[in-house]
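Undergrad:
Number of protein chains: 2
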Amino acid sequence: MEHPATSVDVEPPVTVQGAGELETLARILPRLPRGSRTDLGPGDDAAVVSAPDGRFVVTTDLMVHGPDFRLAWSSPYDLGWKAAASNLADVAAMGAVPTALVVALAVPGETPVADLEALADGLRDACAVMAPGCGVVGGDLSVSATLTIAVTAFGDLEGRRPVTRDGASAGDVVAVSGPLGRAARGLALLFRLGVDHDGAPDAVAAAGLRGRDPDVGWQLAPTPPVADGPLAARAGATAMLDLSDGLALDAGRVARASGVVIDLDSGSLGADPTAALSGGEDHSLFATFPPDSLLPGGFRAIGTVRAADPGSPPVTVDGVDPGATGGWDPYRRWSGDRG
Amino acid sequence: MEHPATSVDVEPPVTVQGAGELETLARILPRLPRGSRTDLGPGDDAAVVSAPDGRFVVTTDLMVHGPDFRLAWSSPYDLGWKAAASNLADVAAMGAVPTALVVALAVPGETPVADLEALADGLRDACAVMAPGCGVVGGDLSVSATLTIAVTAFGDLEGRRPVTRDGASAGDVVAVSGPLGRAARGLALLFRLGVDHDGAPDAVAAAGLRGRDPDVGWQLAPTPPVADGPLAARAGATAMLDLSDGLALDAGRVARASGVVIDLDSGSLGADPTAALSGGEDHSLFATFPPDSLLPGGFRAIGTVRAADPGSPPVTVDGVDPGATGGWDPYRRWSGDRG
Chain H
2 MEHPATSVDV
12 EPPVTVQGAG
22 ELETLARILP
32 RLPRGSRTDL
42 GPGDDAAVVS
52 APDGRFVVTT
62 DLMVHGPDFR
72 LAWSSPYDLG
82 WKAAASNLAD
92 VAAMGAVPTA
102 LVVALAVPGE
112 TPVADLEALA
122 DGLRDACAVM
132 APGCGVVGGD
142 LSVSATLTIA
152 VTAFGDLEGR
162 RPVTRDGASA
172 GDVVAVSGPL
182 GRAARGLALL
192 FRLGVDHDGA
202 PDAVAAAGLR
212 GRDPDVGWQL
222 APTPPVADGP
232 LAARAGATAM
242 LDLSDGLALD
252 AGRVARASGV
262 VIDLDSGSLG
272 ADPTAALSGG
282 EDHSLFATFP
292 PDSLLPGGFR
302 AIGTVRAADP
312 GSPPVTVDGV
322 DPGATGGWDP
332 YRRWSGDRG
Chain W
2 MEHPATSVDV
12 EPPVTVQGAG
22 ELETLARILP
32 RLPRGSRTDL
42 GPGDDAAVVS
52 APDGRFVVTT
62 DLMVHGPDFR
72 LAWSSPYDLG
82 WKAAASNLAD
92 VAAMGAVPTA
102 LVVALAVPGE
112 TPVADLEALA
122 DGLRDACAVM
132 APGCGVVGGD
142 LSVSATLTIA
152 VTAFGDLEGR
162 RPVTRDGASA
172 GDVVAVSGPL
182 GRAARGLALL
192 FRLGVDHDGA
202 PDAVAAAGLR
212 GRDPDVGWQL
222 APTPPVADGP
232 LAARAGATAM
242 LDLSDGLALD
252 AGRVARASGV
262 VIDLDSGSLG
272 ADPTAALSGG
282 EDHSLFATFP
292 PDSLLPGGFR
302 AIGTVRAADP
312 GSPPVTVDGV
322 DPGATGGWDP
332 YRRWSGDRG
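For the protein sequence lines, the chains are H and W, in the order given. Using our numbering, the first residue of the first sequence is number 2, and each one after it goes up by one. Using our numbering, the first residue of the second sequence is number 2, and each one after it goes up by one.
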């Protein structure tokens with residue numbers, strides 16, 4: 002009796018090196034969204050994107066295998082999704098509506114073309130869910146020993162001033178849209194349980210963990226509240242940023258830029274305030290609003306802006322300095338031998 | 002008697018890992034040009050750039066250590082210069098005036114901060130020479146085992162239509178601004194003479210070579226004729242691109258997109274027409290102009306656009322198919338063990 006699973010010839014996957022740059026691009030490009038603001042899409046020396054109010058918002062971000070993600074944990078689809086999500090959140094944090102992305106990839110030659118198709122699908126679906134109408138208008142494809150994804154994202158301010166970090170005033174309401182500490186809890190779970198007996202990242206363990214715990218999914222493919230960025234701007238937000246390095250560190254940036262103290266209410270930081278303060282990569286939106294504002298979208302109040310005295314800590318919790326809570330600095334935290 | 006050269010304590014250089022992300026950025030950012038079109042520069046979630054005609058041109062490009070450059074040959078200043086130059090040429094090839102760059106770097110933690118300062122100086126000087134008023138408005142800094150530079154560049158079309166690849170018509174003049182085959186000749190010299198006895202890239206040999214041969218300098222830090230892009234657009238260029246993969250391959254792209262034959266005049270291809278046809282990375286501008294046009298800036302005529310018959314080769318030289326001349330495909334050409 003034959004065993005089909007062992008007698009069938011398995012074709013090796015077509016790799017980027019085998020297909021070459023042009024065929025690889027021909028397979029990826031049709032999967033990407035054109036976008037409603039795209040005057041000229043991929044295929045020429047450059048794309049052309051409309052900027053109806055005569056300005057555009059731009060942010061850029063690199064994701065590198067090792068410090069920023071591990072292929073044992075993140076699928077190619079996750080990587081495309083997360084690369085889009087983190088950049089869309091930065092555009093939203095200015096109060097802008099995302100209009101377009103460009104994506105440059107550097108991948109090992111042995112990468113299956115199917116992986117890049119999945120990555121493109123992740124970019125496409127993230128745009129469709131978080132920023133409908135946002136297109137992927139251009140890119141670049143290079144070979145590298147280290148898988149690297151560079152996304153640059155654009156947005157339209159619709160005639161409004163950008164919401165920067167320096168506009169918070171004493172008396173303003175401090176608010177957040179999206180989770181606090183969830184991505185970091187997911188990452189801690191992966192480091193603890195998404196590994197094999199030697200502590201190396203393990204795909205099977207991680208997949209099981211992801212099915213059981215939504216925080217793991219938020220770490221691998223977050224869905225920040227992108228639409229709440231323009232809503233906050235329309236509602237009069239005085240300062241805003243996206244929470245990429247943890248609430249304490251990022252709130253401190255607003256406090257320092259604005260010359261105020263951000264006082265957080267411990268009762269609004271969830272069951273584990275320390276994790277809420279220190280956990281990075283949530284890409285939730287942090288904003289301040291004038292007193293008595295009706296908070297828009299998914300924003301909830303978590304504190305109050307206070308006047309700064311000489312020597313004030315930038316961030317307090319219930320009026321008290323919570324002490325150093327650290328933050329994500331890739332040069333200090335990453336250890337190459339962790340996988 | 003003391004020998005000062007051996008008795009002085011030499012401080013080890015401050016590395017990116019030692020300085021951390023914030024201090025490294027604090028040393029790089031002041032060296033970058035602000036730009037005349039920058040509404041909001043680095044320091045917030047995103048930058049804001051003006052786009053006076055309600056559109057912007059955008060192109061992105063990755064440079065990766067190994068396939069795209071070798072640190073034994075290219076200085077950090079060269080890398081910054083070349084990363085800017087190749088992207089500025091893409092913007093110019095649409096007929097646009099460069100307005101801004103964003104630059105994302107992924108570098109090994111042991112990289113001296115001084116190297117990133119030199120890279121920033123290269124970006125700054127390239128903008129000053131090729132695109133005055135163009136600013137570096139944002140960026141990102143990550144750690145990676147593989148030095149990677151991702152530049153995204155923007156331009157202003159000043160109300161004109163973009164000059165794409167598909168507009169060439171029979172009878173048009175074929176013209177080029179900038180050298181043909183020079184960067185490839187420089188690279189061939191480096192592979193032949195910029196190496197040690199084992200064939201590994203060698204900094205001392207390369208530096209000597211560069212002093213003797215300007216083609217080596219064009220390979221490591223080219224100065225494409227960026228200002229000639231908008232000049233060509235104003236003069237009525239019907240199609241344009243930047244020569245990154247060699248004249249034969251790039252002219253073939255215009256021919257196919259436009260449905261024509263590009264017939265080149267061998268007498269205008271210099272002493273080595275084969276090198277002119279196949280050599281990549283010059284970043285010269287290739288354009289077609291209506292018959293009897295006065296060619297602007299540095300453009301010189303090198304051929305004529307002909308009507309295509311069924312089965313015509315896309316590119317001919319003196320009316321004859323020059324055969325396959327190849328082109329730059331990083332997945333097919335790069336071998337990791339070449340240094």
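Cβ atoms here follow ideal geometry from the backbone N, Cα and C, with glycine treated the same way. Just so we're clear, the structure is a prediction, and the values are computed from it rather than from any experiment.
#1: By the three-class DSSP mapping on this structure, what secondary structure does V205/W have?
#2: For G260/H, tell me which candidate among A107/H, G304/H, G36/H, S313/H has the shortest Cα-Cα distance.
#3: Using a Cβ-Cβ cutoff of less than 6 Å, which residues in the same chain neighbour L221/H once the five nearest sequence positions on both sides are dropped?
#4: Taking the continuous alpha helix (DSSP H) assigned at S259/H, which residues delimit it?
#5: Using CA atoms only, rank isn't needed, just tell me which of A288/H, G304/H, V321/H, P323/H is closest to A93/H.
#6: At least one CB of chain W closer than 8 Å to the CB of M131/H: is that the case?
#7: Excluding the 5 residues preceding and the 5 following A207/H in the sequence, name in chain order all residues of the same chain whose CB lies nearer than 7 Å to its CB.
#8: In the stretch 84-95 of chain W, which residues sit with their C-beta less than 7 Å from some C-beta in chain H, listed in chain order?
#9: DSSP three-state label for R235/W, please.
#10: On the DSSP letters alone, give me the boundaries of the beta strand (DSSP E) that F287/H sits inside.
#11: Shorter than 8 Å from the beta carbon of V103/W to some beta carbon of chain H?
#12: With burial defined as no fewer than 16 other Cβ atoms inside 10 Å of the residue's Cβ, what is the status of Y332/H: buried or exposed?
#13: Any C-beta of chain W sitting closer than 8 Å to the C-beta of P226/H?
#14: Are the C-beta atoms of R166/W and some chain H residue less than 8 Å apart?
#15: How about A47/W: is its C-beta nearer than 8 Å to some C-beta of chain H?
#16: Do you know offhand how far A119/H's Cα is from D319/H's?
#17: List the whole-angstrom C-beta distance separating V17/H from G110/H, where the pair is believed to meet the contact cut-off of C-beta under 8 Å.
#18: Nearest chain H C-beta to T239/W closer than 8 Å, yes or no?
#19: Just the Cα atoms here: how many angstroms apart are G340/W and P223/W?
#20: Assuming P43/W and V138/W make a contact with CB atoms under 8 Å, what is their CB distance in whole Å?
#21: With S143/H as the anchor, note down where its beta strand (DSSP E) starts and where it stops.
#22: G187/W and V217/W - do their beta-carbons sit closer together than 8 Å?
#23: Using a Cβ cut-off of 7 Å, pull out every chain A residue sitting near S51/H, in sequence order please.
#24: Considering only the beta carbon of each residue, do A176/W and L33/W sit closer than 8 Å?
#25: I'd like to know if the stretch 85-103 of chain W and the stretch 152-159 of chain W are in contact, where contact means that at least 3 CB-CB pairs between them fall below 8 Å.
#26: Assign T305/H to one of three DSSP states: helix, strand, or coil.
#27: Can you pull the chain W neighbours of D141/H, defined as C-beta to C-beta under 9 Å?
#28: Could you spell out where the beta strand (DSSP E) holding G346/W opens and where it closes?
#29: Cα separation between A240/H and D45/W?
#30: What separation, rounded to the nearest whole angstrom, lies between the Cα atoms of D1/W and L242/W?
#31: Could you compute how far the alpha carbon of R161/W sits from the alpha carbon of A234/W?
#32: Count the other CB atoms within 10 Å of the CB of T61/W; is the residue buried (16 or more) or exposed (fewer)?
#33: On a CA-only basis, which of V50/W, T165/W, R38/W is nearest L41/H? Give me that one, please.
#34: Using the three-state DSSP reduction, which class does F192/W fall into: helix, strand or coil?
#35: What residues of chain H sit near P163/W, judged by a beta carbon separation below 7 Å?
TA: Taking the definition as stated:
#1: Here residue 205/W is taken as the residue at index 204 of the second sequence, counted from 1. Per DSSP, reduced to three states, the secondary structure at V205/W is helical.
#2: Here residue 260/H corresponds to residue number 259 of the first sequence, with the count starting at 1. Answer by Cα proximity: S313/H.
#3: Here the question's residue 221/H lines up with position 220 in the first sequence. Sequence-distant Cβ neighbours of L221/H in its own chain, meaning closer than 6 Å and more than five residues away, are S75, D79.
#4: Numbered from 1 along the first sequence, position 258 holds the residue referred to as residue 259/H. Counting along the chain, the alpha helix (DSSP H) containing S259/H begins and ends at 248-259.
#5: Counting from 1 along the first sequence, the entry for residue 93/H is found at position 92. If we check each option's Cα against that of A93/H, A288/H comes out closest.
#6: As a working note, residue 131/H is residue 130 in the first sequence. For M131/H, the closest Cβ of chain W is not nearer than 8 Å.
#7: For the purposes of this step, residue 207/H is taken as the residue at position 206 of the first sequence. Taking C-beta separations shorter than 7 Å and ignoring five residues to either side along the sequence, the partners of A207/H in its chain run A73, W74, L191, G195, following chain order.
#8: Answer set for the stretch 84-95 of chain W: D91, V92, A94, M95.
#9: Stepping through the second sequence from its first residue, residue 235/W is reached at position 234. Of the three classes helix, strand and coil, the one that applies to R235/W here is helix, per DSSP.
#10: Within the first sequence, numbered from 1, the residue matching residue 287/H stands at position 286. Where F287/H is concerned, the enclosing beta strand (DSSP E) stretches over 285-290.
#11: Taking the first residue of the second sequence as 1, we reach residue 103/W at position 102. At least one chain H Cβ lies under 8 Å of V103/W.
#12: Residue 332/H sits at position 331 when you count from the first residue of the first sequence. Here Y332/H scores only 43 on pLDDT, less than 50, and its place in the model should not be relied on; the value that follows carries that caveat. The residue in question, Y332/H, is buried, as its Cβ has 16 or more Cβ neighbours within 10 Å.
#13: Counted from its first residue, the first sequence places residue 226/H at position 225. No, because no Cβ of chain W sits closer than 8 Å to the Cβ of P226/H.
#14: As a first step, residue 166/W is located in the second sequence; it is residue number 165 there, counting from the start. Cβ-Cβ to chain H under 8 Å: yes for R166/W.
#15: The count along the second sequence starts at 1 and reaches residue 47/W at position 46. By this cut-off, A47/W is an interface position.
#16: In the first sequence, residue 119/H corresponds to position 118, counting from 1. In the first sequence, residue 319/H corresponds to position 318, counting from 1. In this structure, the CA atom of A119/H is about 46 Å from the CA atom of D319/H.
#17: Looking up residue 17/H in the first sequence gives position 16. Looking up residue 110/H in the first sequence gives position 109. That pair is a contact at about 6 Å.
#18: For this step, residue 239/W is matched to residue 238 along the second sequence. Output row for T239/W: interface = no.
#19: The residue you call residue 340/W lines up with position 339 of the second sequence. The residue you call residue 223/W lines up with position 222 of the second sequence. In this predicted model, G340/W has a pLDDT of only 33, less than 50, meaning its place in the structure is not dependable; the value taken from the coordinates is given anyway. Their backbone Cα atoms lie some 22 Å apart in a straight line.
#20: Within the second sequence, residue 43/W is the residue found at index 42, counting from 1. Within the second sequence, residue 138/W is the residue found at index 137, counting from 1. About 7 Å; that satisfies the 8 Å criterion.
#21: Translated into the one-based positions of the first sequence, residue 143/H becomes position 142. First-last of the beta strand (DSSP E) with S143/H: 136-144.
#22: Your numbering for residue 217/W matches position 216 in the second sequence. Your numbering for residue 187/W matches position 186 in the second sequence. It is a contact, given that the beta carbons lie within the stated cut-off.
#23: Here the protein chains are H and W, and chain A is not one of them.
#24: Position 175 of the second sequence, counted from the start, is the residue given in the question as residue 176/W. Position 32 of the second sequence, counted from the start, is the residue given in the question as residue 33/W. No. Outside cutoff.
#25: Output reads yes: the stretch 152-159 of chain W touches the stretch 85-103 of chain W.
#26: As a first step, residue 305/H must be located in the first sequence, where it is residue number 304. In this structure, DSSP gives T305/H an extended state, which the three-state scheme calls strand.
#27: Taking the first sequence and counting its residues from 1, one reaches residue 141/H at position 140. Ordered by position in chain W, the residues that pass the 9 Å Cβ test against D141/H are T60, T61, D62, L63, A151.
#28: Summary: the structure shown does not reach residue 346/W, with chain W confined to residues 2 through 340, and so no result is reported for it.
#29: In the first sequence, counting from the first residue as 1, residue 240/H sits at position 239. In the second sequence, counting from the first residue as 1, residue 45/W sits at position 44. C-alpha separation (whole angstroms): 11 Å.
#30: With chain W covering 2 to 340 only, the question about residue 1/W has no answer from this structure.
#31: Taking the first residue of the second sequence as 1, we reach residue 161/W at position 160. Taking the first residue of the second sequence as 1, we reach residue 234/W at position 233. Answer to the nearest angstrom: the Cα atoms are 8 Å apart.
#32: By 1-based counting over the second sequence, the position of residue 61/W is 60. Buried is the call here.
#33: For this step, residue 41/H is matched to residue 40 along the first sequence. Comparing Cα positions, the closest option is T165/W.
#34: As a first step, residue 192/W is located in the second sequence; it is residue number 191 there, counting from the start. Here F192/W sits in helix by DSSP.
#35: Along the second sequence, read from residue 1 onward, the residue named residue 163/W stands at position 162. Against chain H, the beta carbon of P163/W has neighbours under 7 Å at L41, V49, listed in chain order.
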